[in-house]
Amino acid sequence: MTIRTGAEYIAHLKNTPREVWLKGVRVNDVTEHPALKGPIAQIAKIYDMQHEAATRDILTRDHEGVRTPVSFIPPRSQADLEARREAFQIVADATFGLMGRSPDFLNTSLMALAQAPEVFARGGVQYGENIVRYYEYIRENDLFLTHALLAPQTDRTRPSSQQKEEFLHMGVVRETEEGLIMRGARMLATLAPVADELLVYNAPGLKPGDERYCTVFAIPIDSPGLRLITREPFDDGTRNSFDHPLSSNFEEADSLLVFDDVLVPWDRVFVHNNVELSNALYIDSNLRQHTGHQTGVRGLTKMEFITGIAMKLSETVKIDQFQHVQQKLGEAIAATEICRALVLASESNPEIDENGVVRPDLRALQTLRMHLSASYPKIAELLQTLGAGGYLMMPSAEDFLSPISGDIEKYLQGAGGLPAEERVRLYKLAWDLCGDGFGQRTLQYERYYAGDPVRLLAANYMAYDKTRAYGLVDRALELSGTPAEAVAAKRGTVLETAGV
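Reminder that position 18 of the sequence shown reads as 406 in our numbering, one-by-one numbering, no gaps.
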């Protein structure tokens with residue numbers, strides 16, 4: 389199959405009915421549900437960009453004689469990393485960095501996993517073969533994946549094997565000739581209602597005794613027994629694009645997945661009954677480098693976007709003339725440019741693994757993960773502060789069409805005669821990003837998309853190569869000498885100065 393179009397993506401959704409529940413009602417056709425039409429349209433646009441003249445040769449290229457999305461192609465050189473960044477940026481720009489789970493993210497994830505079949509083969513040769521075949525299937529059909537890494541937040545002091553009920557967390561009920569039977573729940577599957585396939589793997593941290601809960605596998609999203617319970621949407625389809633320009637387009641439906649004795653065929657099982665391997669997968673497969681590259685580019689676009697809104701909003705009422713505002717905007721710009729520098733640094737110092745795959749520099753990407761999770765919330769708070777009470781006084785689109793439109797045009801104009809409609813449109817955009825429920829979800833996403841920031845920072849300290857830093861300290865300590873040497877040296881200097 390060649391690269392997909394948006395129409396083909398939508399047709400596949402329509403032809404693969406899945407069990408989706410939204411606000412207590414089962415969704416019969418996700419392509420027709422008002423709360424899901426927005427994200428479906430945005431994903432369809434991304435697929436269509438693979439065919440458009442301006443973006444086709446950046447988003448896709450020939451691979452093994454077939455036109456293939458760049459995100460599926462393993463990088464073999466620094467130039468390949470740069471080409472991947474350009475492709476990631478086009479998708480990120482199209483979505484303003486707001487869709488953290490656009491197709492290129494899990495394309496990249498699966499590519500990384502499939503380039504390390506020897507890691508999966510530690511549990512059995514067949515598992516390494518399975519991951520490669522699955523990657524080829526997804527790549528050749530250009531399918532859209534979601535993933536679920538986490539168990540439900542029940543009792544977080546206990547491992548999966550010690551929860552109140554045996555299958556609160558998804559686990560293996562039994563083995564059959566056809567495959568594994570899975571029961572229990574998983575979260576946090578972003579865009580699951582509008583995906584084609586589900587990839588399940590685990591965040592590190594499983595404990596001995598969790599063997600039945602460590603399975604890594606993939607299934608179609610319409611698999612019998614798989615139930616998707618979608619969180620309350622921020623846009624149920626009634627919001628207009630003037631009042632809610634972002635949430636009406638970029639809603640990422642997050643879902644709880646319930647496995648009601650779901651069959652996973654053996655050829656779609658990648659890790660089974662091996663806690664040690666499941667925990668090692670994230671690091672040993674180089675997954676974190678490749679996904680960090682994609683998320684770093686997306687995060688950079690999002691930082692540029694929110695910083696641009698902050699600067700433009702400041703100009704509308706001329707608060708950009710105040711030095712303390714300039715200082716805060718300067719800090720936002722610096723935080724954004726740090727993201728750019730770290731993305732480029734990750735490409736300029738790559739490593740090559742034993743399979744010849746080039747991976748971006750881990751130190752730069754880990755630093756970027758920590759920087760982004762801390763800096764984006766700060767800029768979102770700055771944007772809230774800059775608009776202040778002005779956000780709460782913005783009229784609706786209907787008000788511009790009403791008899792009191794003259795009042796709005798007069799009293800809500802901006803500095804320098806900026807028309808009220810332009811000012812209100814900008815404030816609506818800003819509030820959708822930093823204040824409304826949609827914006828708060830994107831903020832929470834950036835805080836935790838790379839995991840618990842406390843653990844991430846602590847792990848960074850524990851894994852950091854301290855050799856050079858300690859070497860500098862040790863050389864400086866040598867300047868001190870022993871107390872006796874220091875006193876004697878100083879005493880001799882004093883005596884010589886005194887002429888004794």
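Just so it is clear, CB atoms sit at the ideal spot from N, CA and C, and this is done for glycine as well.
Among the options, which one has its Cα closest to the Cα of residue i?
i, options, result
"D824", "A768, E834 and Y836", "A768"
"N848", "Q754, I446 and Y837", "Q754"
"D642", "V520, F622, T704 and V454", "F622"
"E452", "A876, P462 and N518", "P462"
"T483", "T564, Y799, N416 and E692", "E692"
"Q541", "F826, H557, G805 and P581", "H557"
"S793", "V812, G775, Y779 and G804", "V812"
"Y779", "V705, Y852, A729 and S761", "V705"
"M575", "E786, W409 and A539", "A539"
"F381", "S868, R676, L774 and I431", "Outside the shown range of the chain, which is 389 to 888, sits residue 381, and nothing can be said about it."
"L806", "P612, E703, G684 and H400", "E703"
"E563", "D543, E528, T603 and E554", "T603"
"T393", "D672, Q514, R627 and D530", "D530"
"Q715", "H759, T695 and C727", "T695"
Apply the 10 Å Cβ neighbour rule to residue i and answer buried if 16 or more other Cβ atoms are within range, or exposed otherwise.
i, result
"N495", "buried"
"H712", "exposed"
"S763", "buried"
"M850", "exposed"
"M437", "buried"
"L789", "exposed"
"G744", "exposed"
"D648", "exposed"
"S734", "buried"
"D344", "The first residue shown for the chain is 389 and the last is 888, placing residue 344 beyond what the model contains."
"Y799", "exposed"
"P505", "buried"
"P596", "exposed"
"G804", "exposed"
"P441", "A small correction: the amino acid at residue 441 is Ala; Pro does not occupy that position in the sequence shown. A441 comes out exposed."
"L883", "With a pLDDT of 49 at L883, under the threshold of 50, the predicted position of this residue should be treated as unreliable, though the coordinate-derived value follows. L883 comes out exposed."
"L865", "exposed"
"L867", "exposed"
"I890", "Residue 890 is absent from the structure shown; the chain starts at 389 and stops at 888."
"S490", "buried"
"Y836", "exposed"
"M781", "exposed"
Can you give the beta carbon distance from residue i to residue j, rounded, assuming they're within the 8 Å contact cut?
i, j, result
"I398", "P457", "Actually they do not touch by this definition, with Cβ atoms about 18 Å apart."
"D468", "V479", "Between V479 and D468 the Cβ distance is about 17 Å, and since that is not below 8 Å, they are no contact."
"L579", "T534", "5 Å"
"L568", "L817", "So it is not a contact: roughly 47 Å between Cβ atoms."
"P581", "T545", "Not quite, the Cβ-Cβ distance comes to about 32 Å (not below 8 Å), so this is no contact."
"L645", "L616", "6 Å"
Taking the continuous alpha helix (DSSP H) assigned at residue i, which residues delimit it?
i, result
"F889", "Summary: the structure shown does not reach residue 889, with the chain confined to residues 389 through 888, and so no result is reported for it."
"D468", "Q466 to A482"
"E599", "Looking at the DSSP string, E599 is not in any alpha helix (DSSP H), and its letter there is neither H nor E."
"L494", "P491 to A502"
"N403", "G394 to N403"
"Y799", "S793 to Y799"
Would you kindly report the start and end of the unbroken beta strand (DSSP E) that includes residue i?
i, result
"L614", "L614 to T618"
"L587", "E585 to V588"
"R863", "Taken as a continuous stretch (DSSP letters only), R863 belongs to no beta strand (DSSP E), being part of the alpha helix (DSSP H) at T855 to E866."
"L410", "E407 to L410"
"V415", "V413 to V415"
For chain B, find out if any of its Cβ atoms is closer than 8 Å to the Cβ of residue i; answer yes or no.
i, result
"L616", "Included in the structure is just one protein chain, with no chain B present."
Are there any heavy atoms of the ligand GDP lying less than 7 Å away from the beta-carbon of residue i, as far as the coordinates show?
i, result
"L800", "Only the bare structure without any ligand can be found here, which leaves the ligand GDP out of the picture."
Sequence ranges, alpha helix (DSSP H) only - wholly within the segment 809 to 844, length at least 4: 825 to 836
Taking only runs that begin and end inside the segment 418 to 459, name each unbroken beta strand (DSSP E) of 3 or more residues, in chain order. 448 to 451 and 454 to 457
Hey, which unbroken runs of the alpha helix (DSSP H) at 4 residues or more fall wholly within the segment 505 to 580? 505 to 508 and 513 to 529
Which parts of the segment 730 to 789 are runs of the alpha helix (DSSP H), unbroken and 4 residues or longer, counting only runs that do not cross its ends? 750 to 775
Which runs of the beta strand (DSSP E) spanning at least 3 residues fall entirely within the segment 611 to 699, listed in chain order? 614 to 618, 642 to 653 and 657 to 659
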